[in-house]
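Undergrad: Numbering-wise, this note's numbering puts 177 at position 135 of the first sequence, and it's gapless, one number per residue.
Where a beta carbon is used, it is the ideal one built from N, C-alpha and C, also for glycine.
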Amino acid sequence: MHGPRTFTCGALRPEHIGREVVLKGWVDTRRDLGGVIFVDLRDRYGLTQVVFMQETNAAAFAKADGLRSEFVISVRGVVDSRAPETVNPKLGTGRVEVRVTDLLILNPSEPVPFPISAHEEKRQNTAEETRLKYRYLDLRRPELQQNLVLRSKLYQATRRYFDTQDFVEIETPVLMKSTPEGARDYLVPSRVHPGRFYALPQSPQTYKQICMVAGLDRYFQIVKCFRDEDLRADRQPEFTQIDVEMTFATEEAIYGLIEGLMAAIYREVKGVEIPVPFPRMSYDEAVTRFGSDKPDLRFGLEIRDLSSVFHESGFRVFDQVTAQGGAVVAIVVPGEGDRGRGAMDRLDKEVVRKRIGAGGLVYFKLPSDGSETYSSVKSDVLPTAVVDRAIEACGASKGDLVLLLAGPRPKVHLQMGTLRLVMAEELGLIPQGADGPWEFLWVTEFPLVEYDEDEKRWVAMHHPFTSPREADLAAMFDDPGAVRARAYDLVLNGSEIGGGSIRIHRAEIQRQMFNLLGIEPDEAQRRFGFLLDAFKFGAPPHGGIALGLDRIAMILAGASSLRDVIAFPKTQSAVEPMVQSPDEVDARQLKELHIALALPPEKA
RNA sequence: GGUCCGGUAGUUCAGUUGGUUAGAAUGCCGCCCUGUCACGGCGGAGGUCGCGAGUUCGAGUCUCGUCCGGACCGCCA
Numbered sequence: 043m044h045g046p047r048t049f050t051c052g053a054l055r056p057e058h059i060g061r062e063v064v065l066k067g068w069v070d071t072r073r074d075l076g077g078v079i080f081v082d083l084r085d086r087y088g089l090t091q092v093v094f095m096q097e098t099n100a101a102a103f104a105k106a107d108g109l110r111s112e113f114v115i116s117v118r119g120v121v122d123s124r125a126p127e128t129v130n131p132k133l134g135t136g137r138v139e140v141r142v143t144d145l146l147i148l149n150p151s152e153p154v155p156f157p158i159s160a161h162e163e164k165r166q167n168t169a170e171e172t173r174l175k176y177r178y179l180d181l182r183r184p185e186l187q188q189n190l191v192l193r194s195k196l197y198q199a200t201r202r203y204f205d206t207q208d209f210v211e212i213e214t215p216v217l218m219k220s221t222p223e224g225a226r227d228y229l230v231p232s233r234v235h236p237g238r239f240y241a242l243p244q245s246p247q248t249y250k251q252i253c254m255v256a257g258l259d260r261y262f263q264i265v266k267c268f269r270d271e272d273l274r275a276d277r278q279p280e281f282t283q284i285d286v287e288m289t290f291a292t293e294e295a296i297y298g299l300i301e302g303l304m305a306a307i308y309r310e311v312k313g314v315e316i317p318v319p320f321p322r323m324s325y326d327e328a329v330t331r332f333g334s335d336k337p338d339l340r341f342g343l344e345i346r347d348l349s350s351v352f353h354e355s356g357f358r359v360f361d362q363v364t365a366q367g368g369a370v371v372a373i374v375v376p377g378e379g380d381r382g383r384g385a386m387d388r389l390d391k392e393v394v395r396k397r398i399g400a401g402g403l404v405y406f407k408l409p410s411d412g413s414e415t416y417s418s419v420k421s422d423v424l425p426t427a428v429v430d431r432a433i434e435a436c437g438a439s440k441g442d443l444v445l446l447l448a449g450p451r452p453k454v455h456l457q458m459g460t461l462r463l464v465m466a467e468e469l470g471l472i473p474q475g476a477d478g479p480w481e482f483l484w485v486t487e488f489p490l491v492e493y494d495e496d497e498k499r500w501v502a503m504h505h506p507f508t509s510p511r512e513a514d515l516a517a518m519f520d521d522p523g524a525v526r527a528r529a530y531d532l533v534l535n536g537s538e539i540g541g542g543s544i545r546i547h548r549a550e551i552q553r554q555m556f557n558l559l560g561i562e563p564d565e566a567q568r569r570f571g572f573l574l575d576a577f578k579f580g581a582p583p584h585g586g587i588a589l590g591l592d593r594i595a596m597i598l599a600g601a602s603s604l605r606d607v608i609a610f611p612k613t614q615s616a617v618e619p620m621v622q623s624p625d626e627v628d629a630r631q632l633k634e635l636h637i638a639l640a641l642p643p644e645k646a
């Protein structure tokens, strides 16, 4: 009866004063002063104060008396100015208000289970469980809406960019086939083929390579991927990748392409110019200097190797480690030289031993008042002269704390990398929020394979289609661990946001790779025969990358969990609390699929 | 599979060495209020203390188990 809305709730300005308007939205806040009722009307675009006066419009006023939070209403009224003392500078629309002439209640609302308001002061941190159960209410909150809008802009920027670069967006099947290696698959039973299963893609890897063989040249896709593994704050079982593949690609071509993409995304989504090209670092250097294959470059605390200082120093624990080719590594923590004994003991016990799993922590404290250095190891066991040399070698000075770990490499570096992150977090060195800084990094020259101690075999570090470096081909037989792959990761602020490689395009090398991974020829043929066959028909060299769109969105939004940039995320136990999935199905459905349940007795 | 944190009105939380009737804020309901903007004032209703055992004269509080949520390790090519 009011017709369409003439403005959104974020639109009205003084220039609209005097106009008759229709607004529709949700009742955010109702302030009843007796003879006058103010309502903050909310939609995705903002808040507008609408006014009901008993004096001037008794009918609308009487109706407004019944309004409650989250009622959906339509108001017709006239835009009016607000007296200078009643202007609300917090609202974009705060210089005007709408004097309501007619009110329609489009739908009432029961009291909501948690506050939704656009007023920051009214919000509180509702338990995520409750928020997810009523996700439609949670998503009414402006910050989540902003995250989803940001995410949408991310899609659009990505598509525009690849379109200008002459890429073709190609959809690959969601129902594909299970592959060995990698994460657990989500399986989908086939009704038509009893006993057979589709698998949901962990990534469209093989399909996009086939597209290259097909000569499609430049492929991209914004695509859902599925991995049935345990969740984390930055890991959901279904997630979205920006998947890319190029014919005749070199590492340099990929780096340049993706740097252009990230620059376009930052420009269009955040209005920020990020410097390109991104710095690069080999895997070995990343592990040696930062104890991680995804170093966070936003703070220092670099790892120093003090092995030479402690070699044959007389301190038995360190002597043994260095004699066996291990390392003694240190980080210098500025400003912590006065830490108390209790805090250090807790660090040793809770963090170093329990969480990191290292043998123990050695530390030197250099008090800020310049007094004598304190070593956690007594001087009759670790000579003072050695301590002084170590401090000199790592460049520590007054007021610093030096933390040392010893052990085999590269394990000790990775342990120190964890300790580095713990200290950085404890000291507040890690910037929070959505305003940067943005430290991009290419990590290059990954090992092709790593040895799995549990399974007693080599496993692909990236995936089985990653090309070894030409120069390392010979070593695939006699020293697989030394072979470097043509693989790379894109790291942003200590988070892996993408990874890719130049692929194997020759059937013979692909066969060698399967052989190294212990995949028998007949299994390789069964699982990947189509790819091996395809390689026989003029497969061009090619390579690509996949970027984690959810993680990029999370970093752009300054969110601390993926759940805040996904409309309907799953909990840590992979449940979606609103629809309650996963769920049981009818016996009839199972029968049709020729599936019988064999549940563990306690769950049956 | 493991470690740690949490679960108390609708919501966010407090709850002492185990001790009478489990509190606050907010929301909700009622009344009052014509310029508020998280309006304000007065009054009221609202609780299987996640669930189940155990210890005890007595358990929100202690013990064990279990479920749910979260952080992390394992896992995630």
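Measuring CB to CB, does G449 end up less than 7 Å from G368?
TA: Counting from 1 along the first sequence, the entry for residue 449 is found at position 407. Counting from 1 along the first sequence, the entry for residue 368 is found at position 326. Yes, these two residues count as a Cβ contact at 7 Å.
Undergrad: Suppose the cutoff is 6 Å on Cβ atoms and the five residues either side in sequence are ignored; what does the same chain contact list for G560 look like?
TA: Position 518 of the first sequence, counted from the start, is the residue given in the question as residue 560. R499, listed in sequence order.
Undergrad: By how many angstroms is the C-alpha of G384 removed from the C-alpha of I284?
TA: The residue you call residue 284 lines up with position 242 of the first sequence. The residue you call residue 384 lines up with position 342 of the first sequence. Cα to Cα, I284 sits roughly 48 Å from G384.
Undergrad: Can you list, in chain order, the residues of its chain whose CB lies under 6 Å from that of A646, leaving out five sequence neighbours each side?
TA: Taking the first sequence and counting its residues from 1, one reaches residue 646 at position 604. Low confidence applies to A646: its pLDDT is 34, below 50, so where it sits in the model is not reliable enough to give any reading.
Undergrad: So, with DSSP's three-state summary, where would you put A623?
TA: Stepping through the first sequence from its first residue, residue 623 is reached at position 581. Checking the displayed sequence, the identity of residue 623 turns out to be Ser instead of Ala. In this structure, S623 counts as strand in the three-state DSSP scheme.
Undergrad: With 16 other CB atoms within 10 Å as the buried threshold, where does H504 fall?
TA: Within the first sequence, residue 504 is the residue found at index 462, counting from 1. Classification for H504: buried.
Undergrad: According to DSSP, what are the bridge partners of V191?
TA: Numbered from 1 along the first sequence, position 149 holds the residue referred to as residue 191. DSSP output for V191 lists no bridge partner at all.
Undergrad: Kindly indicate which three-state DSSP category E294 falls into: helix, strand or coil?
TA: Against the first sequence, residue 294 aligns to sequence position 252. Three-state DSSP puts E294 in a helix.
Undergrad: Pull the bridge partners of N149 from the DSSP assignment, please.
TA: Numbered from 1 along the first sequence, position 107 holds the residue referred to as residue 149. According to DSSP, N149 bridges with V114.
Undergrad: Could you compute how far the alpha carbon of L632 sits from the alpha carbon of S232?
TA: For the purposes of this step, residue 632 is identified with residue 590 of the first sequence, where counting begins at 1. For the purposes of this step, residue 232 is identified with residue 190 of the first sequence, where counting begins at 1. Answer to the nearest angstrom: the Cα atoms are 11 Å apart.
Undergrad: Using a 10 Å radius around the Cβ and a threshold of 16 neighbouring Cβ atoms, would you call P563 buried or exposed?
TA: The sequence position of residue 563 within the first sequence is 521, counting from 1. Classification for P563: exposed.
Undergrad: Going by C-alpha distance, which of I373, P246, F209 and T364 is nearest I300?
TA: Sequence index remark: in the first sequence, residue 300 carries index 258 (1-based). Ranking the options by Cα distance to I300, first place goes to F209.
Undergrad: Which whole-angstrom value describes the C-beta separation of V255 and A581, a residue pair presumed to lie in contact below a C-beta threshold of 8 Å?
TA: Working through the first sequence from its first residue, we reach residue 255 at position 213. Working through the first sequence from its first residue, we reach residue 581 at position 539. Separation of the CB atoms of V255 and A581 is rounded to 5 Å, and the pair is thereby assigned contact status at 8 Å.
Undergrad: Within 10 angstroms of the Cβ of L217, are there 16 or more other Cβ atoms? Answer buried if so, exposed if not.
TA: Mapped onto the first sequence, residue 217 falls at position 175. Exposed: under 16 other Cβ atoms inside 10 Å.
Undergrad: Locate the beta strand (DSSP E) running through I373, then write down its first and last residues.
TA: Locating residue 373 in the first sequence gives position 331, counting from the first residue. Counting along the chain, the beta strand (DSSP E) containing I373 begins and ends at A369 to V375.
Undergrad: Tell me whether the beta-carbon of V69 lies closer than 7 Å to the beta-carbon of V78.
TA: Counting from one through the first sequence, the residue named residue 69 turns up at place 27. Counting from one through the first sequence, the residue named residue 78 turns up at place 36. Not a contact, by the Cβ cut-off of 7 Å.
Undergrad: For a quick check, are the C-beta atoms of V680 and L461 less than 7 Å apart?
TA: Nothing about residue 680 can be reported from this structure: the residues present for the chain run from 43 to 646 only.
Undergrad: Quick check on this structure: which residue in S509, D180, Y493 and D205 has the alpha carbon closest to the alpha carbon of I544?
TA: Against the first sequence, residue 544 aligns to sequence position 502. Checking every option, the nearest Cα to that of I544 belongs to S509.
Undergrad: How far does the beta strand (DSSP E) with F262 in it extend, from its first residue to its last?
TA: The residue given as residue 262 occupies position 220 in the first sequence. Taken as a continuous stretch (DSSP letters only), the beta strand (DSSP E) holding F262 covers R260 to F268.
Undergrad: Going straight from the alpha carbon of M95 to that of R141, what length do you get?
TA: Translated into positions along the first sequence, residue 95 becomes position 53. Translated into positions along the first sequence, residue 141 becomes position 99. The C-alpha of R141 is placed about 8 Å away from the C-alpha of M95.
Undergrad: What residue from S355, K407 and L192 has the CA that sits closest to G313's CA?
TA: In the first sequence, counting from the first residue as 1, residue 313 sits at position 271. Comparing Cα-Cα distances from G313 to each of S355, K407 and L192, the minimum goes to L192.
Undergrad: Excluding the five sequence neighbours on either side, which residues of its own chain have a C-beta within less than 7 Å of the C-beta of H547, listed in chain order?
TA: Counting from 1 along the first sequence, the entry for residue 547 is found at position 505. In its chain, beyond the 5 residues on either side, F577, A581, P582, P583 and H584 have a beta carbon closer than 7 Å to the beta carbon of H547.
Undergrad: Rounded to the nearest angstrom, what separates A53 and G134 at their Cα positions?
TA: Position 11 of the first sequence, counted from the start, is the residue given in the question as residue 53. Position 92 of the first sequence, counted from the start, is the residue given in the question as residue 134. About 8 Å.
Undergrad: CA-CA distance, M43 and V114?
TA: One-based indexing of the first sequence puts residue 43 at position 1. One-based indexing of the first sequence puts residue 114 at position 72. If I take the Cα positions, the gap works out to 15 Å.
Undergrad: With burial defined as no fewer than 16 other Cβ atoms inside 10 Å of the residue's Cβ, what is the status of Y493: buried or exposed?
TA: In the first sequence, counting from the first residue as 1, residue 493 sits at position 451. Classification of Y493: exposed, given that the 10 Å Cβ count is below 16.
Undergrad: Between G67 and the rest of its own chain, which residues show a CB-CB distance below 6 Å, the 5 nearest in sequence each way excluded?
TA: Within the first sequence, residue 67 is the residue found at index 25, counting from 1. Here the set comprises C51, L83, R84 and D85.
Undergrad: Leaving out the 5 sequence neighbours to the left and right, which residues in its chain are closer than 8 Å to R226 when beta-carbon positions are compared?
TA: Here the question's residue 226 lines up with position 184 in the first sequence. R269, D270 and E271, listed in sequence order.
Undergrad: Looking only at its chain, what residues have a beta carbon closer than 8 Å to the beta carbon of Q567, apart from the 5 residues adjacent to it on each side?
TA: Indexing the first sequence from 1 puts residue 567 at position 525. If we look at Q567 and ignore the five residues flanking it on each side, its Cβ neighbours are L574.
Undergrad: Give the DSSP-derived three-state secondary structure of A646 in the structure shown.
TA: Residue 646 sits at position 604 when you count from the first residue of the first sequence. Low local confidence applies: a pLDDT of 34 at A646 is under 50, so the model's placement there is unreliable, with the coordinate-based value given in what follows. Per DSSP, reduced to three states, the secondary structure at A646 is coil, with no helix or strand assignment.
Undergrad: Do the stretch 485-492 and the stretch 388-404 make contact, defined as three or more Cβ pairs closer than 8 Å?
TA: no
Undergrad: Can you tell which of M304, V329, G76 and Y405 has the C-alpha that lies nearest to the C-alpha of V419?
TA: For the purposes of this step, residue 419 is identified with residue 377 of the first sequence, where counting begins at 1. Checked all of M304, V329, G76 and Y405; the closest Cα to V419 is Y405.
Undergrad: What are the start and end residues of the beta strand (DSSP E) that includes M284?
TA: Position 242 of the first sequence, counted from the first residue, corresponds to residue 284. The residue you asked about is not Met; residue 284 is Ile in the sequence shown. Note, I284: beta strand (DSSP E), E280 to T289.
Undergrad: Do you know offhand how far L641's Cα is from R630's?
TA: By 1-based counting over the first sequence, the position of residue 641 is 599. By 1-based counting over the first sequence, the position of residue 630 is 588. Using only the alpha carbons, I get a separation of about 18 Å.
Undergrad: Tell me the rounded alpha-carbon separation between V143 and A101.
TA: Taking the first sequence and counting its residues from 1, one reaches residue 143 at position 101. Taking the first sequence and counting its residues from 1, one reaches residue 101 at position 59. For clarity, residue 143 is Thr in the given sequence; the question names Val instead. About 9 Å.
Undergrad: Run through DSSP, which three-state label would D442 get?
TA: In the first sequence, residue 442 corresponds to position 400, counting from 1. Three-state result, D442: coil.
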